[in-house]
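Undergrad:
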Amino acid sequence: MSTPEEEEPPGREEFVASLTRFGEERGINVDFQARVNTKHIDLYKLWNVIRSKGGYDAVSAEKLAWRKVGLDFNLGSANAAAYAFALKTTYYKNLAAYEIKTLHGREPPPIEILEKLTAKGGDILSRTLENFRPPQRSSLVNGDSDSGGEGPKTPKDEKMDIDDPGSVGRSTRGLRQAPPQRIPFQPDVSSSRQMRHPSGHAQSPQPAAMAHTGYNYSASSNPNSAQFAIANYEPRPQMPLTLRPIMTPSYNAGLFEERQKLARTARKVELGLISPSTKGMMKPGGISLTSKSIYSKLTNGEAGFDGPNIYVRTLQGLRSQVPEEQDYALHHLVKISHERGDKYKFDAFPNLAEGLIEYVLGISSLFYDVKWEICYSDYEEKINVLDGIRGTPDILQRIQSLKRVDTPDEMESDEFGRKLTKILEAGLTIRNLSLLEDNAVYLSEMPQLRDFLSIALNLPSSPVITELKHYALDISEQVTKYWQMDESDPLYRSLLSQVNNGHDRGAILTSLRAVSRISMNLDDTNILKGVPVSVIKRICEWTLLDDEDFVGACLDFLYQFTAVPENVGVLLSNSNELLLPSFLGQLTRLLQHHARTEYVKTEATEAIAAASATEIPNVPQDLMDQFLKYEEPDRSNHWLKAVFEEDAESDITQIALWQAYQARFTEYTSPTTQLLPAAEFIKNVSTIFAGANAQVVNGINHKFIIKGIRPRHAPMDPKGRVYSRCLWKVPRSKSCGDFFLKPKYMFDHIVYDHLGIDRRPDGTWDFQSTTRVSQRPNDCFWSNCRHFTNGGKSPSPYQLGMHIKTHLPDVSNKAVLRQKNNRTPANQIHLPAKKTNGHTMSTGIVNVDPAQGREATYNTQMYQNTAVDELGNAAGLPLTSVLVLRNLARNIPKAAALLDISNRDAFRIGWMEKLFGPLKDRLIFVMAHNKPLAGYVSDVMGLLEKGSAP
Numbered sequence: 001m002s003t004p005e006e007e008e009p010p011g012r013e014e015f016v017a018s019l020t021r022f023g024e025e026r027g028i029n030v031d032f033q034a035r036v037n038t039k040h041i042d043l044y045k046l047w048n049v050i051r052s053k054g055g056y057d058a059v060s061a062e063k064l065a066w067r068k069v070g071l072d073f074n075l076g077s078a079n080a081a082a083y084a085f086a087l088k089t090t091y092y093k094n095l096a097a098y099e100i101k102t103l104h105g106r107e108p109p110p111i112e113i114l115e116k117l118t119a120k121g122g123d124i125l126s127r128t129l130e131n132f133r134p135p136q137r138s139s140l141v142n143g144d145s146d147s148g149g150e151g152p153k154t155p156k157d158e159k160m161d162i163d164d165p166g167s168v169g170r171s172t173r174g175l176r177q178a179p180p181q182r183i184p185f186q187p188d189v190s191s192s193r194q195m196r197h198p199s200g201h202a203q204s205p206q207p208a209a210m211a212h213t214g215y216n217y218s219a220s221s222n223p224n225s226a227q228f229a230i231a232n233y234e235p236r237p238q239m240p241l242t243l244r245p246i247m248t249p250s251y252n253a254g255l256f257e258e259r260q261k262l263a264r265t266a267r268k269v270e271l272g273l274i275s276p277s278t279k280g281m282m283k284p285g286g287i288s289l290t291s292k293s294i295y296s297k298l299t300n301g302e303a304g305f306d307g308p309n310i311y312v313r314t315l316q317g318l319r320s321q322v323p324e325e326q327d328y329a330l331h332h333l334v335k336i337s338h339e340r341g342d343k344y345k346f347d348a349f350p351n352l353a354e355g356l357i358e359y360v361l362g363i364s365s366l367f368y369d370v371k372w373e374i375c376y377s378d379y380e381e382k383i384n385v386l387d388g389i390r391g392t393p394d395i396l397q398r399i400q401s402l403k404r405v406d407t408p409d410e411m412e413s414d415e416f417g418r419k420l421t422k423i424l425e426a427g428l429t430i431r432n433l434s435l436l437e438d439n440a441v442y443l444s445e446m447p448q449l450r451d452f453l454s455i456a457l458n459l460p461s462s463p464v465i466t467e468l469k470h471y472a473l474d475i476s477e478q479v480t481k482y483w484q485m486d487e488s489d490p491l492y493r494s495l496l497s498q499v500n501n502g503h504d505r506g507a508i509l510t511s512l513r514a515v516s517r518i519s520m521n522l523d524d525t526n527i528l529k530g531v532p533v534s535v536i537k538r539i540c541e542w543t544l545l546d547d548e549d550f551v552g553a554c555l556d557f558l559y560q561f562t563a564v565p566e567n568v569g570v571l572l573s574n575s576n577e578l579l580l581p582s583f584l585g586q587l588t589r590l591l592q593h594h595a596r597t598e599y600v601k602t603e604a605t606e607a608i609a610a611a612s613a614t615e616i617p618n619v620p621q622d623l624m625d626q627f628l629k630y631e632e633p634d635r636s637n638h639w640l641k642a643v644f645e646e647d648a649e650s651d652i653t654q655i656a657l658w659q660a661y662q663a664r665f666t667e668y669t670s671p672t673t674q675l676l677p678a679a680e681f682i683k684n685v686s687t688i689f690a691g692a693n694a695q696v697v698n699g700i701n702h703k704f705i706i707k708g709i710r711p712r713h714a715p716m717d718p719k720g721r722v723y724s725r726c727l728w729k730v731p732r733s734k735s736c737g738d739f740f741l742k743p744k745y746m747f748d749h750i751v752y753d754h755l756g757i758d759r760r761p762d763g764t765w766d767f768q769s770t771t772r773v774s775q776r777p778n779d780c781f782w783s784n785c786r787h788f789t790n791g792g793k794s795p796s797p798y799q800l801g802m803h804i805k806t807h808l809p810d811v812s813n814k815a816v817l818r819q820k821n822n823r824t825p826a827n828q829i830h831l832p833a834k835k836t837n838g839h840t841m842s843t844g845i846v847n848v849d850p851a852q853g854r855e856a857t858y859n860t861q862m863y864q865n866t867a868v869d870e871l872g873n874a875a876g877l878p879l880t881s882v883l884v885l886r887n888l889a890r891n892i893p894k895a896a897a898l899l900d901i902s903n904r905d906a907f908r909i910g911w912m913e914k915l916f917g918p919l920k921d922r923l924i925f926v927m928a929h930n931k932p933l934a935g936y937v938s939d940v941m942g943l944l945e946k947g948s949a950p
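For the record, in the sequence shown the residue sitting at position 860 is 860 according to full-length UniProt numbering, with numbers rising by one throughout.
Below, the structure is given as structure tokens:
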């Protein structure tokens, strides 16, 4: 193989011309638009790449070389092998013969053995008619359909006997054969004489070449044999045959009739009998009134094609300078910007924004003797020429020097009204489209837009242009966040002038928003220098209004303004004019704007569950008398309900329950009234209490229990009224434990039985009685009361009786309200001490009745929370107000450092105390009761403490 030449490849034009001439001489069509995987293949680049690698044969000889070449063309890696072969074929069909002729200086072989064959393999340099053997098509062997050659033929050179070892008949064609078994070699010790096969056929001789192997030979396992090809042949799947109907008069009579009609009509036209028909011909169609009048005669009233779509039509009409077309374009642009403004982008329609701005600049011609022009090349110093590249910095001075034309304020001419309407439509279109973020970015890069906004905001005061001014302010609000402005910027000064001199709420509100958004989307800080004191004063006064949107815009401006220490110095220098202390008081009041009162309960003491009774309560005699009126089993049922209650965690042994039943009712038995048998009594327990059931607890000694009930602390009558226990307990004696249903019965019991006071015949108590003086106690022995001993008093019988009433149960209508003050516990417990701010504080003694338990007690904290966003963070006017306060607390010390004064520390401390001293109590209240603002106010308090430090 010859080596490639070392000179540089020819240029693209020379290469294309040379390859085209070579293709014409050779008789092939060079495909300069070849594609692989939908990507265009540059033949010039492909030629240089393969040429630098030594040519077609050198690349084909290297493994995976064509895949590497494919990487240079970004063909993808998903199907790299197929793309590499397609790239190789492109070179083979178009450049292989050219390479042999020009690069190697040889005569290329004929196209029959080069271009008309596939690109498989290499060796094109040594390919000649004498040594070339066309590849045999052998789809039966390897399934390769791209190797060329003739179709498969039945091999005749190899004959096969059905009795040969390993042969297969036609019945096994297409079945996959098992691989031959490997059997260790065994020498043939039998006679070399041929033996006749038992079937009568002679044994076919084995090939001599296979006799030396150590394995049994099978022809069906040899991939080079015809038998292998036949045995492994699988027919191609059948392809569906597409049938097309033949049009005949009987099959489609209507079609033939139409064809005959057309033939007769064509013959008449040819003979001149009729004029040619224009039916079906696309005619021009009119859209505007002018076009409709022009084409109506040509089309005879028939509708033609619509022409370009409405978007292109409006764009071309706006740029046409034809008034009718411009009117049509503006009318539809307003509709498009309103209905499809979310998808109508300036960058998709070049010159649309420029055309709209040029048109809306015509508003000045209605009030001044000027016609603005925009220069995009060499800027001319003319009063009516605007710089479209850099903007016009002296636009305000030019507006002031313009000559005013006589414009009627009351009566407008038709021409004036039409122009004004169309200008308003152009301004409204820009305003609607600027609401889309992409369009706002596009407009922010146009200097002529800033000139238009300055012109629109400085037009003469007239009701007819109020709408256009609002459009200009809305546009400013959308684009100022992409602009950086200093105090000399014409638009910046125009916006501040609207705030300073305006009386329109909407205009002032939008101007404040536009100024507050300056540089919002840039890295630069919005410094807001050069703001007149009169503007700041008006903004501070507007915070007193009951207008949330307006006050919000004012606070947004003040937040941006107070973020700069120099601006805070301006506030301090003009404190008297601005009434700064009063303004800070208003900011503090706004911290609670629309606050909502909320109550949060926190657990003070935890609940204590009622303890289980240790014994079955005795039934009072009056209740027992009621039970005795019933027969069994109703009597036992009422007794069970009176002294037991359901409790899923408790249980009682069956023997204890049976013995308690016997102890209560044995004395009341008679020959006619007997106790229930034990089994029936236990069974009734599960009937009365749904959650109770008899169980057996396995162990060393089985235990029979009733699960799901427990004894009551006090019995309950059939009406559901619970008895009260007498808790009188004299030292070194047993507690009384009698039960009474009503407080009066309990009081009579205590006075007579425990205090030893007798009754008079009229039923009153005789406190002067001396019959049982020794029995009278000198203190209250209700539970652990000891009221008089602890107080160092010796009570009289009357005082002791009156004191006893404080222990009786309250059954009045106000019992719930008095419960927290009633002294009705059976014992007292100490709650664990708690730590507060590092100090241990006793929680005191809390009275708890073990029979009743205690419910949890809660402390209620009141909060006055303001608005929050969807994440629960502070939002609205309170948030902006606290941010302004934080800016002032942070920047007053910095502003004091910038002022030219002698004692800066005294100045700083004095101002911090003057402005924030009266507000500290209110700030502490907000910090304690307003959870969304608590963190912000805490920062303010920290800055105040730091700024007030000497």
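For glycine and all other residues, C-beta sits at the position ideal for the given N, C-alpha and C. On a predicted model such as this, the values are computed, not experimentally measured, just so you know.
Distance check for A472 and D451, CA to CA, integer angstroms please.
TA: Walking along the sequence shown from the start, residue 451 turns up at place 451. Walking along the sequence shown from the start, residue 472 turns up at place 472. C-alpha separation (whole angstroms): 11 Å.
Undergrad: Compare the Cα-Cα distances from residue 959 to each of N790, K793, C780, P795 and report the closest residue.
TA: There is simply no residue 959 to check, as the chain begins at 1 and stops at 950 in what is shown.
Undergrad: Would you tell me roughly how many angstroms separate the C-alpha atoms of L491 and L386, rounded to the nearest one?
TA: In the sequence shown, the residue the question calls residue 491 occupies position 491. In the sequence shown, the residue the question calls residue 386 occupies position 386. Their Cα atoms are separated by approximately 15 Å.
Undergrad: Report the partner residues of K703 according to the DSSP bridge assignment.
TA: Stepping through the sequence shown from its first residue, residue 703 is reached at position 703. Looking at the DSSP assignment, K703 forms a beta bridge with V697.
Undergrad: Could you spell out the range, first to last residue, of the beta strand (DSSP E) harbouring I374?
TA: Counting from 1 along the sequence shown, the entry for residue 374 is found at position 374. I374 -> beta strand (DSSP E) spans 373–375.
Undergrad: Measure the C-alpha to C-alpha separation of D414 and P323 and round it to an integer number of angstroms.
TA: Along the sequence shown, read from residue 1 onward, the residue named residue 414 stands at position 414. Along the sequence shown, read from residue 1 onward, the residue named residue 323 stands at position 323. Taking the straight line joining both Cα atoms gives about 15 Å.
Undergrad: Excluding five sequence neighbours on each side, which residues of the same chain lie with their C-beta closer than 7 Å to the C-beta of P743?
TA: Your numbering for residue 743 matches position 743 in the sequence shown. Closer than 7 Å at the Cβ level, and outside the excluded window around P743, lie L808, P809, V811.
Undergrad: Tell me whether E548 sits in a helix, a strand or coil according to DSSP, three-state version.
TA: Walking along the sequence shown from the start, residue 548 turns up at place 548. Reduced to three states, the DSSP call for E548 is helix.
Undergrad: Work out the CA separation of A266 and G272 for me, nearest whole Å.
TA: Counting from 1 along the sequence shown, the entry for residue 272 is found at position 272. Counting from 1 along the sequence shown, the entry for residue 266 is found at position 266. Each residue's alpha carbon lies about 10 Å from the other.
Undergrad: Measure the Cβ-Cβ separation of R904 and A895 and say whether it is below 7 Å.
TA: Residue 904 sits at position 904 when you count from the first residue of the sequence shown. Residue 895 sits at position 895 when you count from the first residue of the sequence shown. Not closer than 7 Å, so no.
Undergrad: Below 7 Å CB to CB, which residues in the same chain sit around V643 once its five sequence neighbours on both sides are set aside?
TA: Taking the first residue of the sequence shown as position 1, residue 643 is located at position 643. Taken in chain order, the residues that qualify are I616, P617, V619, P711, R712, P715.
Undergrad: Just to check my reading of the structure: F22 and K101 have Cβ atoms closer than 8 Å, yes? What is that Cβ distance to the nearest angstrom?
TA: Looking up residue 22 in the sequence shown gives position 22. Looking up residue 101 in the sequence shown gives position 101. 7 Å between Cβ atoms; contact.
Undergrad: Of the residues A595, D31, K120, which one's Cα is nearest the Cα of M862?
TA: Position 862 of the sequence shown, counted from the first residue, corresponds to residue 862. When each option's Cα is compared against that of M862, the closest is A595.
Undergrad: Could you tell me whether the Cβ atoms of L496 and V535 are closer together than 7 Å?
TA: Working through the sequence shown from its first residue, we reach residue 496 at position 496. Working through the sequence shown from its first residue, we reach residue 535 at position 535. Yes, the Cβ-Cβ distance between L496 and V535 is below 7 Å.
Undergrad: Pick helix, strand or coil for Q864, following the three-state DSSP scheme.
TA: The residue you call residue 864 lines up with position 864 of the sequence shown. DSSP places Q864 in strand when its eight states are reduced to three.
Undergrad: Looking at the structure shown, is K63 part of a helix, part of a strand, or coil, going by DSSP?
TA: Residue mapping note: residue 63 aligns to position 63 of the sequence shown, counting from 1. K63: coil per DSSP, three-state reduction.
Undergrad: If you measure between the beta carbons of A84 and W66, is that distance less than 7 Å?
TA: Reading the sequence shown from its first residue, position 84 is the one you call residue 84. Reading the sequence shown from its first residue, position 66 is the one you call residue 66. Their beta carbons are under 7 Å apart, which means A84 touches W66 by this criterion.
Undergrad: State the start and end residues of the unbroken beta strand (DSSP E) segment that holds S650.
TA: Indexing the sequence shown from 1 puts residue 650 at position 650. First-last of the beta strand (DSSP E) with S650: 644–653.
Undergrad: Would the region 513–521 count as touching the region 469–485 if we require 3 or more Cβ pairs under 8 Å?
TA: The region 513–521, when compared against the region 469–485, does touch it at the 8 Å Cβ threshold.
Undergrad: For F15 and W47, which I take to be in contact (beta-carbon distance under 8 Å), what is that distance rounded to the nearest angstrom?
TA: Residue 15 sits at position 15 when you count from the first residue of the sequence shown. Residue 47 sits at position 47 when you count from the first residue of the sequence shown. F15 to W47, Cβ: 7 Å. Contact.
Undergrad: Could you tell me which uninterrupted beta strand (DSSP E) segments, each at least 3 residues in length, are contained entirely in the region 335–382, listed from first to last along the chain?
TA: The qualifying runs are 373–375.
Undergrad: Please give me, in chain order, every unbroken run of the beta strand (DSSP E) with length at least 3 that falls completely inside the region 774–806.
TA: List check, beta strand (DSSP E) in window: nothing returned.
Undergrad: Taking C-beta to C-beta, are I383 and R404 nearer than 7 Å?
TA: In the sequence shown, residue 383 corresponds to position 383, counting from 1. In the sequence shown, residue 404 corresponds to position 404, counting from 1. Contact: no.
Undergrad: Is there contact between the region 882–901 and the region 933–944, where contact requires at least three CB pairs shorter than 8 Å?
TA: Yes, they touch.
Undergrad: Buried or exposed for V600, please, with buried defined as at least 16 other CB atoms from any protein chain shown within 10 angstroms of its CB.
TA: Taking the sequence shown and counting its residues from 1, the one referred to as residue 600 is at position 600. Exposed.
Undergrad: Using only CA atoms, which one of G876, V937, V926, S948 lies nearest to I909?
TA: Numbered from 1 along the sequence shown, position 909 holds the residue referred to as residue 909. Ranking G876, V937, V926, S948 by Cα distance to I909 puts S948 first.
Undergrad: Determine the direct distance from the alpha carbon of K335 to that of Y936, and round the result to whole angstroms.
TA: Indexing the sequence shown from 1 puts residue 936 at position 936. Indexing the sequence shown from 1 puts residue 335 at position 335. Roughly 47 Å between the two C-alpha positions.
Undergrad: How is the alpha helix (DSSP H) around D474 delimited, first residue to last?
TA: As a working mapping, residue 474 is identified with position 474 in the sequence shown. 466–479 is the span of the alpha helix (DSSP H), which, as asked, contains D474.
Undergrad: Y251 by DSSP, collapsed to three states: which one?
TA: Looking up residue 251 in the sequence shown gives position 251. Correct three-state label for Y251: coil.
Undergrad: Leaving out five residues on either side along the sequence, give the residues of the same chain with a beta carbon under 7 Å from the beta carbon of T20.
TA: Mapped onto the sequence shown, residue 20 falls at position 20. Answer for T20: V30, listed in chain order.
Undergrad: Leaving out the 5 sequence neighbours to the left and right, which residues in its chain are closer than 8 Å to P718 when beta-carbon positions are compared?
TA: Against the sequence shown, residue 718 aligns to sequence position 718. Same-chain partners within the cutoff: Q626, H638, K641, A642.
Undergrad: For E602, which beta-bridge partners are listed by DSSP?
TA: Against the sequence shown, residue 602 aligns to sequence position 602. Per the sequence presented here, residue 602 reads as Thr, with Glu not at that position. N859, per the DSSP bridge assignment.
Undergrad: DSSP three-state call for H754: helix, strand or coil?
TA: By one-based count along the sequence shown, residue 754 stands at place 754. Helix.
Undergrad: Under a three-way DSSP split, which group does T673 fall into?
TA: Taking the sequence shown and counting its residues from 1, the one referred to as residue 673 is at position 673. Looking at T673 - three-state DSSP - the assignment turns out to be strand.
Undergrad: With a threshold of 7 Å on Cβ separation, who are the neighbours of residue 956 within its own chain once the five nearest residues in sequence on each side are excluded?
TA: As displayed, the chain neither begins before 1 nor continues past 950, which places residue 956 out of reach and without an answer.
Undergrad: In terms of alpha-carbon separation, which member of A906, W911, I901, F916 lies closest to V882?
TA: For this step, residue 882 is matched to residue 882 along the sequence shown. Per the Cα distances, F916.
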